[in-house]
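**Q** Sharing a structure, written as structure tokens. Questions coming.
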Amino acid sequence: MEAGNLLLAGGSEFGGQMAAPDHRSIELAGGPDTPIAIIPTAAAPDNNHRRAGENGRRWFTSLGATNVQVVPLIDRTSAADSTVVEAVGEAKLIYLLGGFPGYLCETLRDSPAWSAMLTAYASGAVLAGSSAGAMVLCEHLNDPHGQGATTGLGLVPGACVLPHHNTFGQGWAERLRGILPNATLIGIDEETAMISKGSARDWRVYGAGDVTLYLPGHALSHPQRYLAGQELRLDPPD
């Protein structure tokens, strides 16, 4: 079986404007009855994981999904819990919520739960992330709460996501270009997502806003912008 699809969203994922990408992710994962795992890890540092997880469950249920589970993966201990690992491994759509990206990345890195996610993805599952969840899936991670640019979980080579691009995320571009001169910076507006077309190279944009690419070697003042319905390609780094 071929690897599944990736979904990167720019934030405000459950505000009501993400029906198009999330319907598509449900379709790619197998339809309304497919098992969906909501992962609220990134919201745990400020004790917001229960509310965030319930928002996710309610949103996907409103889209017609009938098998949605909030998985209590909130720290390194639970990332190794057999019940959590099993729930993640059985899911066909795994959705990483927003919050604290550095905490999310280090909770998942080299954990049994992350290994289960990778196995599910390799077997055809959709692996989705919004805001912090999208940030950790790339090779490079901007951690505004921590030490700046660090190493992400690496599923999108040569890339670094700037979520909330239409509000505050675009303000990170200049600093990150100085730190990561060879990275592709991906600005994703709120209520907007990009879904891979079977690899981490070819993507389609969905939702209310734009996806903005700041390519290495190009002026920040001349990025490439893509609207809903348009396709883009992320070339791997040399």
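The sequence shown maps to residues 752 to 989 in this note's numbering.
Even glycine gets a Cβ: it sits at the ideal position worked out from N, Cα and C.
State the DSSP-derived secondary structure class of I930, mapped to helix, strand or coil.
**A** Helix, per DSSP.
**Q** Name the DSSP beta bridge partners of L855, please?
**A** According to DSSP, L855 bridges with nothing at all.
**Q** According to the Cβ coordinates, are L888 and T902 closer than 8 Å?
**A** Cβ atoms of L888 and T902: not closer than 8 Å.
**Q** In whole angstroms, what is the alpha-carbon distance linking L936 and A900?
**A** Approximately 12 Å, taken between the alpha carbons.
**Q** On the criterion of 16 or more Cβ atoms from any shown chain inside 10 Å, does T817 qualify as buried, or is it exposed?
**A** By the 10 Å Cβ count, T817 comes out exposed.
**Q** Can you find the residues in the same chain that come closer than 7 Å, C-beta to C-beta, to H915, ignoring five residues on each side of it along the sequence?
**A** So the qualifying residues of the chain are G761, G762, S882 and E941.
**Q** Taking C-alpha atoms, which residue in M769, D784 and A879 lies nearest to G960?
**A** Of the listed residues, the one whose Cα sits closest to G960 is M769.
**Q** Residues bridged to A910 by DSSP?
**A** A910 pairs with T935.
**Q** Please return the same chain residues whose Cβ sits closer than 8 Å to the Cβ of L831, not counting the five positions on each side in sequence.
**A** Here residue 831 is Ala; the residue named in the question, Leu, does not match the sequence. Counting only Cβ-Cβ distances below 8 Å, and skipping sequence neighbours, we find S862, P863 and A864.
**Q** Consult DSSP for L779 and reduce its assignment to one of helix, strand or coil.
**A** In this structure, L779 counts as helix in the three-state DSSP scheme.
**Q** Rounding to the nearest angstrom, what Cα-Cα distance links G922 and H800 in this structure?
**A** Distance between the alpha carbons of G922 and H800: 27 Å.
**Q** For the alpha helix (DSSP H) holding S833, just list the boundary residues, first then last.
**A** Element bounds for S833: S833 to E841.
**Q** Counting only the same chain and skipping the five closest in sequence on each side, list residues whose C-beta sits under 6 Å from that of G755.
**A** Here the set comprises Y872, G875, A876 and V877.
**Q** Using a 10 Å radius around the Cβ and a threshold of 16 neighbouring Cβ atoms, would you call I806 buried or exposed?
**A** The residue you asked about is not Ile; residue 806 is Asn in the sequence shown. Buried, since its Cβ has 16 or more Cβ neighbours within 10 Å.
**Q** Work out the CA separation of P823 and K948 for me, nearest whole Å.
**A** Going by the C-alpha atoms only, they are around 30 Å apart.
**Q** What residues match up with W810 in a beta bridge as DSSP calls it?
**A** Its beta-bridge partners do not exist; DSSP assigns none.
**Q** Is I845 buried or exposed, if buried means 16 or more other CB atoms sit within 10 Å of its CB?
**A** That one is buried.
**Q** Just verifying my parser: in three-state terms, what is the DSSP assignment at Q921?
**A** Three-state DSSP puts Q921 in a helix.
**Q** Could you name the residues that DSSP lists as bridge partners for N893?
**A** Its beta-bridge partners are A900.
**Q** Output needed for I789: all residues of its chain with C-beta closer than 8 Å, excluding positions within five of it in sequence on either side, in chain order.
**A** The answer, listed in chain order, is G804, G807, R808, F811, V819, Q820, V821, V822, Y846 and L848.
**Q** Cα-Cα, which of I777, I930 and L869 is closest to E837?
**A** Out of I777, I930 and L869, L869 has the C-alpha closest to the C-alpha of E837.
**Q** Give the range of the beta strand (DSSP E) segment to which L964 is assigned.
**A** That run of the beta strand (DSSP E) goes V962 to Y965.
**Q** Determine the closest residue to M986 out of I777, V835, P908 and L913, with distance taken between C-alpha atoms.
**A** Checking the sequence, you will find Asp at residue 986 rather than Met. Of the candidates I777, V835, P908 and L913, the one whose C-alpha sits nearest the C-alpha of D986 is P908.
**Q** Among all the DSSP beta bridges, which residues are the ones paired with Y977?
**A** Paired residues: V962.
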